[in-house]
Amino acid sequence: MVEKMAPLRSSGSVDPGWEHGSAQDDRKRKVKCNYCGKIVSGGIFRFKQHLARISGQVTHCNNAPEEVYLRMKENLKGCQSTKKHRQSRDVIASLYLHSSDYDEVEDESIDYGSKGKHVLDDKNMVVNLAPLRSLGYVDPGWEHGVAQDERKKKVKCNYCEKIVSGGINRFKQHLARIPGEVASCKNAPEEVYIKIKENMKWHRTGRRNRRPDTKDVPTFTLHSDNDEEEEQEEDPIYFRNKEKMLICDKSFAKDTRKRSRGRSPCSGAELQLKRPKLDYTTMKTPKIHTPAFYKPVKTVSDRRTQKELMSAICKFFYHAAVPLNVASSPYFYRMLELVSQYGQGLKGIYSPLICGQFLQDEITTIKQYLVEIKASWMITGCTIMADSWKDAQGKTLINFLVSCPRGMYFVSSVDVTDIVEDPSSLFKLFDKVVEEMGEENVVQVITENTAAYKAAGKMLEEKRRTLFWTPCAVYSIDRILEDFQKIKWVGECMDKGKKITKFIYNRIWLLNLMKKEFTGGREVICPSVTRFATSFVTLESLLNHRNDLKRMFESNKWFSSRFAKLDEGKEVENIVLNSTFWKKVQYVRKSVDPVLQVLLKMDSDGSLSMASIYNDMYRAKLAIKAIHGDDVRKYGPFWSVIDNHWSSFHHPLYMAAYFLNPSYRYRPDFVEHIEATRGNNECIVRLEPDSGRRISASMQITDFRLAKADFGTELAVSTRTELDPGDYFRKP
0 MVEKMAPLRS
10 SGSVDPGWEH
20 GSAQDDRKRK
30 VKCNYCGKIV
40 SGGIFRFKQH
50 LARISGQVTH
60 CNNAPEEVYL
70 RMKENLKGCQ
80 STKKHRQSRD
90 VIASLYLHSS
100 DYDEVEDESI
110 DYGSKGKHVL
120 DDKNMVVNLA
130 PLRSLGYVDP
140 GWEHGVAQDE
150 RKKKVKCNYC
160 EKIVSGGINR
170 FKQHLARIPG
180 EVASCKNAPE
190 EVYIKIKENM
200 KWHRTGRRNR
210 RPDTKDVPTF
220 TLHSDNDEEE
230 EQEEDPIYFR
240 NKEKMLICDK
250 SFAKDTRKRS
260 RGRSPCSGAE
270 LQLKRPKLDY
280 TTMKTPKIHT
290 PAFYKPVKTV
300 SDRRTQKELM
310 SAICKFFYHA
320 AVPLNVASSP
330 YFYRMLELVS
340 QYGQGLKGIY
350 SPLICGQFLQ
360 DEITTIKQYL
370 VEIKASWMIT
380 GCTIMADSWK
390 DAQGKTLINF
400 LVSCPRGMYF
410 VSSVDVTDIV
420 EDPSSLFKLF
430 DKVVEEMGEE
440 NVVQVITENT
450 AAYKAAGKML
460 EEKRRTLFWT
470 PCAVYSIDRI
480 LEDFQKIKWV
490 GECMDKGKKI
500 TKFIYNRIWL
510 LNLMKKEFTG
520 GREVICPSVT
530 RFATSFVTLE
540 SLLNHRNDLK
550 RMFESNKWFS
560 SRFAKLDEGK
570 EVENIVLNST
580 FWKKVQYVRK
590 SVDPVLQVLL
600 KMDSDGSLSM
610 ASIYNDMYRA
620 KLAIKAIHGD
630 DVRKYGPFWS
640 VIDNHWSSFH
650 HPLYMAAYFL
660 NPSYRYRPDF
670 VEHIEATRGN
680 NECIVRLEPD
690 SGRRISASMQ
700 ITDFRLAKAD
710 FGTELAVSTR
720 TELDPGDYFR
730 KP
């Protein structure tokens, strides 16, 4: 009979690492170094790595005496080799145990861990396996990255400095250039790429390369002793008998945990290694014989719990490298709904069927939907959008899209690198797209507002007398923000703000210090809609965190760091601690915020923004004036910048949308600018070729102004602010 042995720590043995550090919590997971004062998370083993200056796991202790460094390094080497040898020896001795040598093995001093229990069904044998991490196993990925948080969920690459979220496994996918889940590292040496790719082979192929005679055998995962640390991918051990299969479930593990005896000799047990699973899985097995003390339970329930169902769905996403945003697709939820309605007996669909009949059916459905969209253009009209962008190679491309109330329609993507500065060539391209969509259906063509695009748009308006060229409002507002930075003291604040963020984010130690101890894990750089919007939003974020930044640059950790001695560090420290700088930043924020909010509203609003663009920009100007107490010396520079781009918002369509918007028209503070009346009249003339209908539309303007006839009904009055302006005029 073999008894369960107590772990070594209960025998009174004291780890030599405790001579050089003191525990900071009851669980002894945090240890404070006696030499440098650093608190190391992860237990005594990780603290010894700190003293032994082992790279990849924890920062080194440069203050520890040389003899301490050598002693800890030697201790770690012996710990790893001895424990690994004892682990393999004891497991093999236990598994290959026969009745003839049972007494001999019983005398072995076996150190069983508290987790990883496995059961041999035919011989009532319980084996307790210590997880590999407790033996000092260090994942090879840590040689090439540094953990950025205590849980090791974020790892910074030593080669490209990218911070990868998701733990060491996902970081190794980054190094091994495995597509689908994380961006690849282009800077890692070839030998690192090959080494990590070899280490990760099981992740992609291990489950498919399973031995045929073991496909129905349930597998079990060795759990970590430290639930707070990142899970490591380690090869668990599973057991197979030629005639009998293993069975394991949680209730049996819980029952056997209480037993220290009751094992009978085992014969013919065969030890094999198997690729790891993410969790234990119960599969179909032939009829088996279970131990006498084991109470059979159902391993496959008739109805899966929600947790099991969610786990199965997530595994599909993970192993098929499906982008996670697919879970937001309405078709995904529709699929789940139909599967649940179908009930039991649904079989999986095969790939030939997916790319065959059903693909053709879906193509037919999409084509029919596009026909319906095009048919709606005759009633509502449509907008052609020329969305220009640059790819990774620096080529300028234009995506042509058609928008209407029924939806968005992709037309084509064109490489315009060679003609982007040529108005004549751009005009021919726009004209061709209009011809394909039908001139009678097109209300406007939206492009950027550069000189070339503007000239091409005017040429298009000259040829096509029933449509408008319209400058992109987002592009125009971004140009306003760009010109705001050219105001002297705005530019100075922006430059100093960039120095702060650049200095902090280029030094990972300082960034971690800021997030961990001063900003509560929050970033100070805030990406936004456009490039220049990002600059102002980040400047505002710095202002919101000014007290946190001041505390950091006044802390002892900052003064004792090597960065505080750098000229750049001293400059940034002076900026952060300068109260005048923050007053100027606050002045910039309140001056720019009204315009910035218009841009953010356009990006976040799900409805069409044309009906509110002119009104929002007009009120943004008034807000800037009011903020500065009508002092022209203060608001004047900002008004000058807006006025330079004001023609972009005096477009006839924007004017007409403002003029005909009932939520503005009937407000007491509505101002009927002469430009709005002219813009409305120009739209009637340009968009309606029939003179009789033009006259009819003009006659209704008076009724709309005075809320008479159909515009004065109880329904019309009650829906002025509730309905989208387009729906307001379309309602019966």
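Under numbering that gives the first Met the number 0, read the sequence shown as residues 0 to 731, first letter to last.
Heads up, the beta-carbon is just placed ideally off N, CA and C, and yes, glycines get one too.
Cutoff 8 Å; reference Thr712; Cβ partners in own chain excluding five residues on either side: Nothing meets the Cβ criterion.
Spatial distance of Tyr504 from Leu510 (CA atoms): 6 Å
Alpha-carbon to alpha-carbon, Lys600 and Phe535: 15 Å
For Trp388: DSSP bridge partner residues: In the DSSP output, where bridge partners are listed per residue, Trp388 has Leu396.
Alpha-carbon to alpha-carbon, Phe710 and Phe703: 6 Å
Spatial distance of Val473 from Gly635 (CA atoms): 23 Å
Near the ligand SAM: Leu621 beta-carbon under 6 Å from a heavy atom: This structure lacks the ligand SAM; in fact it carries no ligand of any kind.
Span separating the alpha-carbon of Lys549 from that of Lys501: Going by the C-alpha atoms only, they are around 17 Å apart.
Start and end residues, beta strand (DSSP E) containing Ser412: Segment 406 to 414, the beta strand (DSSP E) holding Ser412.
Three-state class that DSSP yields for Val716 in the structure shown: DSSP, read as helix, strand or coil, puts Val716 in helix.
Which listed residue (Pro651, Leu541, Met458, Trp468) has its alpha carbon closest to that of Lys498: Distance check between Lys498 and each of Pro651, Leu541, Met458, Trp468 places Leu541 closest, using alpha-carbon atoms only.
Start-end ranges of the beta strand (DSSP E) lying completely within the region 534 to 595, minimum 3 residues: Taking only runs of at least 3 residues, no beta strand (DSSP E) segment lies wholly in the region 534 to 595.
Whole-angstrom distance between Trp581 and Lys37, CA atom to CA atom: 33 Å
Glu160 versus Glu522 - alpha carbon distance: Cα to Cα, Glu160 sits roughly 17 Å from Glu522.
Limits of the unbroken alpha helix (DSSP H) element including Lys498: 487 to 504
Tyr727 burial status per 10 Å Cβ neighbour count (16 or more: buried): buried
Endpoints, beta strand (DSSP E) assigned at Gly144: 144 to 146
Under the three-state DSSP convention, the category Thr379 falls into: helix
Classification of Gln443 by the beta-carbon crowding that lies within 10 angstroms, buried from 16 upward: buried
Length of the line joining the Cα atoms of Thr379 and Val684: 17 Å
Delimiting residues of the alpha helix (DSSP H) encompassing Ala675: 673 to 686
Meets three-Cβ-pair contact criterion under 8 Å: the region 156 to 174 and the region 135 to 148: yes
Range of the contiguous alpha helix (DSSP H) that encloses Phe710: Run containing Phe710: none; DSSP gives neither H nor E here.
8 Å contact criterion, which Leu400 and Val410 should meet: CB distance rounded: About 7 Å separates the two Cβ atoms, so the contact holds.
Nearest-angstrom Cβ-Cβ length linking Lys29 and Ile43, presumed shorter than 8 Å: With 8 Å as the limit, Lys29 and Ile43 do not qualify as a contact, their Cβ atoms being about 10 Å apart.
Simplified DSSP state of Cys35, which is helix, strand or coil: coil
contact_flag[the region 379 to 399, the region 424 to 439] where n(CB pairs < 8 Å) is 3 or more: yes
Rounded separation between Ser646 and Thr518 - CA only: 42 Å
Whole-angstrom distance between Ile348 and Val338, CA atom to CA atom: 12 Å
Beta-carbon gap between Ser475 and His644 smaller than 7 Å: Going by C-beta atoms, Ser475 is nearer than 7 Å to His644.
Cutoff 6 Å; reference Cys184; Cβ partners in own chain excluding five residues on either side: Cβ-Cβ distances below 6 Å link Cys184 to Cys156, Tyr158, Cys159, His173, Leu174 in the same chain, with the five nearest sequence neighbours on each side left out; the list follows chain order.
Asn74 to Pro64 span [Cα, whole Å]: 15 Å
Alpha helix (DSSP H) segment containing Pro329, residue limits: 329 to 341
7 Å Cβ cutoff met for Ile383 and Val432: yes
Integer-rounded CB distance, given that Ala619 should sit under 8 Å from Val597: 5 Å
As assigned by DSSP and simplified to three states, the class of Lys161: coil
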